[in-house]
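**Student:** The working numbering numbers the first residue of the sequence shown as 26 and each following residue consecutively.
Structure incoming, see below.
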Amino acid sequence: MMRMAACHWFDRVVSFVSPFKIFFCHRKPIAMPLAEAGPQGVVPIIPTLFNADEEMDLAATAACVRFAVESQLSAVCLPAYGSEFYKLTDSERTALVGAAVEAAEGRTLVIAQSNHPAARHAADLAKANEGRGADLISFALPRMFALPEADLLAYSQTICRAVKIPVLIQDFNPSGQTIGADFCRRLSEDCDNFSFVKLEEPLMAPKVRAIREATEDRVGVLEGWGGMYLLELIGPGICGLMPGLALGDLLQKVWQLARADNGSEAADLFEKLLPQIVYSLQNMELFLWMEKDLLVRRGVISRGQAHVRTATCTPDEDAWQHAIWLNQRIADLAGE
């Protein structure tokens, strides 16, 4: 298979000419459809929307994907932690991926999260999602217990070898080290469809540079954690970030400004978004409540589609009042 280009995005000046992107490389400009350019810039996590009975609302999922398309975002990802994947049945996960592929209509890439702590089952999920039309496969490394890197490598090889499309690996390990340059090099050499890694930790500029160097830019690095570390990682060379959808278009503006060397303008906008990001990420369930509320305030979904499935951490009154104050500031900034 041909590897989806993960390299040198950080050296290119990008301008949007809907529905095409023009990449101004060092040699000659190359025009390609948006959905063929590969994930770069903001790649939002699509939330799972529930009604008052905690049943999924796939029409709301489609509305979220269309919002990403209208925002000219290169890809979307689901069902991930920000999609409450850990509260979904296998059939619900299947339905979400199918709904996203249908709504995208090839206008943005669909990254199908295929999480399972057992490599065999994760590989089966990945193959099934490839068959449903996903453009990329993503999976999180199993971090319930400490595992040697050799075992994590074998786990990843099993999943990468199960599919032909590009693969993105997420590693979030608050209790210890995450994978680094050597892991990425070894897996990239063994599985040429391993194309992206998403990391969530602070102060990872040296790791970004090391992964790029070790893999000769065959593996692109995306920043997670709501985009909190975006500005400090543009220089080291991340190829994108994976925040929630509700801030996606605004963070894309930050990305574009920073990439165009308009650092002051990028910082001016980013500092208006950062209080909401920092507050919401104090607790994953609080993030879910705030993400869905902000999507309502921005007119993407209705209030009846914005429920969080139980078990959850219901915000207390003081916490929620501050949350909605922050969200309304974002909605006002966006003009909704």
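Even glycine gets a Cβ: it sits at the ideal position worked out from N, Cα and C.
From a predicted model like this one, the values you see are computed outputs, not experimental measurements.
Tell me the rounded alpha-carbon separation between residue 284 and residue 166.
**Tutor:** 30 angstroms
**Student:** Please go through the same chain and pick out, in chain order, the residues whose beta-carbon is closer than 8 angstroms to the beta-carbon of residue 159, but skip the five residues on each side of it.
**Tutor:** 122, 126, 135, 136, 137 and 190
**Student:** Can you find at least 3 beta carbon pairs, one from the region 273-283 and one from the region 295-310, that sit closer than 8 angstroms?
**Tutor:** yes
**Student:** Determine the closest residue to residue 66 out of 82, 75, 93 and 86, with distance taken between C-alpha atoms.
**Tutor:** The shortest C-alpha to C-alpha distance from residue 66 to any of 82, 75, 93 and 86 is the one to 93.
**Student:** Relative to the alpha-carbon of residue 359, which residue among 147, 324, 154 and 290 has its alpha-carbon at the smallest distance?
**Tutor:** 324
**Student:** Once you ignore the five residues that flank residue 77 on each side, which residues in its own chain have a CB closer than 7 angstroms to its CB?
**Tutor:** 329 and 332
**Student:** CB-CB under 7 angstroms to residue 338, same chain, minus the five flanking residues each way: which ones, in chain order?
**Tutor:** 308, 310 and 311
**Student:** Buried or exposed for residue 57, please, with buried defined as at least 16 other CB atoms from any protein chain shown within 10 angstroms of its CB.
**Tutor:** Residue confidence is low: residue 57 scores 40 on pLDDT, short of 50, so the model does not pin down where it sits. Its coordinate-derived value is still stated next. With fewer than 16 Cβ atoms within 10 Å of its Cβ, residue 57 is classed as exposed.
**Student:** May I ask you to list the residues that DSSP assigns as paired with residue 75?
**Tutor:** 81 and 332
**Student:** Among 293, 289 and 270, which residue has its Cα nearest to the Cα of residue 317?
**Tutor:** 270
**Student:** Please determine, among 265, 141 and 230, the residue with the shortest C-alpha to C-alpha distance to residue 257.
**Tutor:** Ranking 265, 141 and 230 by Cα distance to residue 257 puts 230 first.
**Student:** Residue 144 to residue 95, Cα distance in whole Å?
**Tutor:** 36 angstroms
**Student:** Here's the rule I'm using: 16 or more other beta-carbon atoms within 10 Å means buried, otherwise exposed. How should residue 228 be labelled?
**Tutor:** Exposed, since its Cβ has fewer than 16 Cβ neighbours within 10 Å.
**Student:** With C-beta atoms as the reference, is residue 86 less than 8 angstroms away from residue 124?
**Tutor:** yes
**Student:** Skipping 5 residues on each side, what residues in its chain have a beta carbon closer than 6 angstroms to that of residue 210?
**Tutor:** 239 and 240
**Student:** Using only the alpha-carbon positions, how far apart do residue 101 and residue 70 sit?
**Tutor:** Their Cα atoms are separated by approximately 6 angstroms.
**Student:** On the CB-based measure, 16 or more other CB atoms within 10 Å of its CB, does residue 366 come out buried or exposed?
**Tutor:** Outside the modelled stretch of the chain, which goes from 26 to 361, sits residue 366, for which no answer is possible.
**Student:** Reducing DSSP to helix, strand and coil, say where residue 163 ends up.
**Tutor:** Here residue 163 carries a strand assignment [DSSP, helix/strand/coil].
**Student:** What is the DSSP secondary structure of residue 220, reduced to helix, strand or coil?
**Tutor:** strand
**Student:** Residues in its own chain within less than 7 angstroms of residue 334 by CB, not counting five upstream and five downstream?
**Tutor:** 75, 79, 109 and 112
**Student:** Along the chain, where does the alpha helix (DSSP H) containing residue 318 start, and where does it finish?
**Tutor:** 309-322
**Student:** To the nearest angstrom, report how far apart residue 253 and residue 261 are at their CA atoms.
**Tutor:** Computed Cα separation, rounded: 15 angstroms.
**Student:** Is it true that the CB of residue 232 sits closer than 8 angstroms to the CB of residue 205?
**Tutor:** yes
**Student:** Using a 10 Å radius around the Cβ and a threshold of 16 neighbouring Cβ atoms, would you call residue 169 buried or exposed?
**Tutor:** exposed
**Student:** Applying the 10 Å Cβ sphere with the 16-neighbour rule, what's the burial state of residue 268?
**Tutor:** buried
**Student:** Taking Cβ to Cβ, would you say residue 120 is nearer than 8 angstroms to residue 83?
**Tutor:** yes
**Student:** Distance, Cα to Cα, residue 201 vs residue 171?
**Tutor:** 8 angstroms
**Student:** Between which residues of its own chain and residue 105 is the CB-CB distance below 6 angstroms, once the five residues before and five after are set aside?
**Tutor:** 70 and 138
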